[in-house]
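K.L.:
All letters in the sequence shown, in the order written, are residues 1060 to 1693 by my numbering. Backbone N, C-alpha and C define an ideal beta-carbon position, used for all residues, glycine too. So that we are looking at the same thing, I have put the structure below in structure tokens.
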Amino acid sequence: MPQRQRWLFAAKLFVAAMIAYALSVRMGLGQNAWPIVTCCAIANPVSSSMRAKATYRLIGTVAAGLIALTLAGWFGHAPLLIVIATGIVATVAIMGAAAERTPRTYMFQLGVLTLCIILLFSIDRPDRIFENAVSRVTQIALGILCTVAVDCLAPVSVAPRAAAAAKQWIAHVRTWFATLTDPSAQDGSGNRATIIADLTRFSTMADQLRYDHAVPARTRRLAFALQHRILAIVPLLNAIERWAAILPDAARQRVLATAGPAPDDPDGSRYPHGWSGAVEAHARAKVREAGAELDRIAEIEAALEDGAPLSPALAAQVKGERPFPLLPDIGLMIESGLACALVFATLATIWWSTGWAQGGGMVLIGVVALAFTGTLDRADLAVAGMAKFMVLALLIAGLLTYVLLPLARDFAGFAAAIGVVLLPVAAWAATSPMATILLLTVFSNLNLGTFYNPLDFGAFLDAFAGSFAGIFVAFYGLLLARRLGEHAAVERLMRQGRSEIARLARGSDADGRRAFVEREVDRIGQLLGRSAIARDDRRVSELLAQLRVGVAIADLGAVAGVLDEPARARVRRIIATVGDAYGVDDARPALAETLDAEIAAIRRDDPPPSDHLLGLLLDLRLAVSDEATDRVDA
């Protein structure tokens, strides 16, 4: 990020924080640090991302306030029950945060933060829970309002980044297609991983587009339509790539020439007949289908760049397009929930047994550590990193509390003292999430009442000791409740992909096919985010083959519905066999042999099967194993 944008972001955050603080003092809200903390929590260099975070932060805060009041009404007479109920709600919220991979996750992350602050910090004064809830919601709403208002003075749009991503997609897809159809073209097969990873990232960006006032609704729909067109062409191009690899040279040249103008063939002698002709016809159909998708992509590109009108058919499709959904990782949700339940129970037990005055803060920091880092592959290292930042936060907060703020005699002096810390750290936070956590920790430990009254030094150290204890328990709770590391994440996602194949084999329709492609491409995109996969071309090819297996199963299931009963039963038996055996690595060779035998038997049927059915069976066979040259040459 350019230095100018970093310091613009820092300046906007500083101005918003100072306005929020001044208004909070004017309104007599009490703990005036929280509007500043809110400004830091939702700030983002990109305006649309900040607005999305602000919206979900407000929703989460209001929901947390209502839940806190409800729990206080039910269990106000029993503090232990309030703590238990808070732990249950916090666990559910952490699972919700793990399920969400869009800015909506802030609704859960910051909502659970507010819930814990309202209930745990008022546990000994349940009669003040309503007052604290109203005060907290007001302070947060004030911080949100000031941040949004200041950002409007110098907004930063996501549109240039989205436009650059769209151009990159289109260029990568064209290069990949050109590599397949033009031997002299530069090799673009390496773009496969980039295309798929960008598809997933764009769905994450979709919420930002919704909150970007500089992006018209039509442009958003066109961008989503482009995403779906590229989503459709990825398995096509990969299938063509595999067909081209196993066809004989002459057949490959004839198939790939389909991308150009159709040659004259008045007597039907240009292409072979029989089995070889059926194979080539199916491969040519895929090339033509990919070419048609590229034409649609070019049409959408022209509409995005020049506002050109779309054809009626494509315009009808674009009208209802939405970004493909990023579905939750159920395994990660469960592990995150277990970690939260374990950490909350451990910290609450320590608090209850010792009566430590900082017990509420200890529980809060443990939950916050899980909320913001608990879904990472190496969440343990991230939590350990938080501990290092906590040491830095202790030093900075001490500098502010006992050196800079006591020197301030008026608002200008106060702003100068805050600016010395906030401006450089905010510029750092423009590119580092951990720096944002540093800001939150520093300002949440300042006692900014109407008149500045620094905390007793012993209480100050005690508060940070509680924070370190919360982080310590969160670290070991993650080690006990989660399988950490890239390898564990890859195993979990691969297992989910194999389960998806088995589910698809039990039956699907056109919507099921599209949903499978969306889920599988999303899963591949997540896997490609792991360096162990992204650097391994063999694993990338395996992932794309799994995508093609699912597509072939869905297409065969659709064709089976129009076949006569014996043929339909045979096709469904093939689908069931693949669904049962595909997830077992040792079964792949036997599965390939079974498919070879089934294809050979189907070819002997009288009347012979359609070329389309044979082609789909070969698609499935090639996806299971590339060693199908005998089937093509036979």
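Ends of the alpha helix (DSSP H) at R1557?
P.N.:
1545 to 1564
K.L.:
Go ahead and pull the three-state DSSP assignment for D1388.
P.N.:
DSSP places D1388 in coil when its eight states are reduced to three.
K.L.:
Ordered along the chain, which non-local residues of its own chain (more than five positions away) have a Cβ less than 7 Å from that of S1181?
P.N.:
R1187, I1188, N1191
K.L.:
For Y1461, is the classification buried or exposed, using 16 other Cβ atoms within 10 angstroms of its Cβ as the cut-off for buried?
P.N.:
Taking all protein chains shown into account, Y1461 has fewer than 16 neighbouring C-beta atoms within 10 Å of its C-beta and is therefore exposed.
K.L.:
Within the region 1408 to 1437, note down every full alpha helix (DSSP H) run reaching 4 residues or more, in order along the chain.
P.N.:
1418 to 1432
K.L.:
Which value, in whole angstroms, describes the spacing of the CA atoms of R1163 and T1263?
P.N.:
10 Å
K.L.:
Give the secondary structure of Q1064 by DSSP, where H, G and I count as helix, E and B as strand, and everything else as coil.
P.N.:
helix
K.L.:
For A1564, which residues in the same chain have their Cβ closer than 7 Å to its Cβ, ignoring the five residues on either side in sequence?
P.N.:
Result list for A1564: I1612, I1634, A1635, V1637, G1638, in chain order.
K.L.:
Using three-state DSSP, classify D1469 as helix, strand or coil.
P.N.:
coil
K.L.:
On the criterion of 16 or more Cβ atoms from any shown chain inside 10 Å, does A1367 qualify as buried, or is it exposed?
P.N.:
It counts as exposed.
K.L.:
Could you tell me the alpha carbon to alpha carbon distance between P1465 and L1459, rounded to whole angstroms?
P.N.:
8 Å
K.L.:
Between the Cα of I1095 and those of N1103, R1110, A1079, spot the shortest distance and give me the residue it belongs to.
P.N.:
A1079
K.L.:
At the level of alpha carbons, what is the spacing between E1624 and V1576?
P.N.:
29 Å
K.L.:
May I have the straight-line CA-CA distance separating A1687 from L1676, to the nearest angstrom?
P.N.:
Bear in mind that the predicted position of A1687 carries a pLDDT of just 47, short of 50, making it unreliable; the figure below should be weighed with that in mind. The alpha-carbon atoms of A1687 and L1676 are separated by roughly 11 Å.
K.L.:
Runs of 4 residues minimum, wholly inside the region 1492 to 1547: which ones carry the alpha helix (DSSP H) assignment?
P.N.:
1492 to 1503, 1516 to 1540
K.L.:
Which residue wins for smallest C-alpha separation from A1127, given the options L1117, G1170, S1108?
P.N.:
G1170
K.L.:
Which of the three DSSP states, helix, strand or coil, is assigned to D1183?
P.N.:
coil
K.L.:
Whole angstroms is fine: what's the gap from P1275's alpha carbon to E1360's?
P.N.:
16 Å
K.L.:
Hey, which unbroken runs of the beta strand (DSSP E) at 3 residues or more fall wholly within the region 1575 to 1614?
P.N.:
none
K.L.:
According to DSSP, is T1173 helix, strand or coil?
P.N.:
helix
K.L.:
Ignore the nearest five residues each way along the sequence and tell me which others in V1196's own chain have a CB closer than 7 Å to its CB.
P.N.:
T1120, V1121, G1124
K.L.:
So, E1352 versus L1295, is the Cβ gap smaller than 8 Å?
P.N.:
In this structure, E1352 lies near L1295, with their beta-carbon atoms less than 8 Å apart.
K.L.:
Just to check my reading of the structure: L1179 and G1419 have Cβ atoms closer than 8 Å, yes? What is that Cβ distance to the nearest angstrom?
P.N.:
4 Å
K.L.:
For I1424 versus G1517, is the C-beta distance shorter than 8 Å?
P.N.:
No, they are not a contact pair.
K.L.:
Please classify D1664: does DSSP put it in a helix, a strand, or coil?
P.N.:
Correct three-state label for D1664: coil.
K.L.:
In whole angstroms, give me the CA-to-CA distance for F1403 and I1176.
P.N.:
14 Å
K.L.:
In angstroms with no decimal places, state the Cα-to-Cα distance between A1100 and R1542.
P.N.:
29 Å
K.L.:
Assign T1408 to buried or exposed, taking buried as 16 or more other Cβ atoms, counted over all protein chains shown, within 10 Å of its Cβ.
P.N.:
exposed
K.L.:
Express the C-alpha separation of R1355 and R1573 in angstroms, rounding to a whole number.
P.N.:
Rounded to the nearest angstrom, the gap between the Cα atoms of R1573 and R1355 is 18 Å.
K.L.:
Give the straight-line distance between the Cα atoms of V1151 and G1396, rounded to the nearest whole angstrom.
P.N.:
7 Å
K.L.:
Between the region 1130 to 1137 and the region 1228 to 1236, are three or more C-beta pairs nearer than 8 Å?
P.N.:
no
K.L.:
Less than 7 Å between C-beta atoms, sequence neighbours within five positions excluded: which residues of the same chain meet that for R1582?
P.N.:
For R1582, where only same-chain residues beyond five positions count, the Cβ hits under 7 Å are L1552, Q1555, G1556.
K.L.:
By the 10 Å Cβ neighbour count, where 16 or more other Cβ atoms means buried, how is L1539 classified, buried or exposed?
P.N.:
exposed
K.L.:
Do T1432 and M1445 come within 8 Å of each other at the CB atom, strictly closer than that value?
P.N.:
yes
K.L.:
Quick check: A1494 and V1484, are their CB atoms within less than 8 Å of each other?
P.N.:
Yes; because the gap between Cβ atoms is below 8 Å, this pair is in contact.
K.L.:
Please list the terminal residues of the continuous alpha helix (DSSP H) segment that includes N1297.
P.N.:
1276 to 1305
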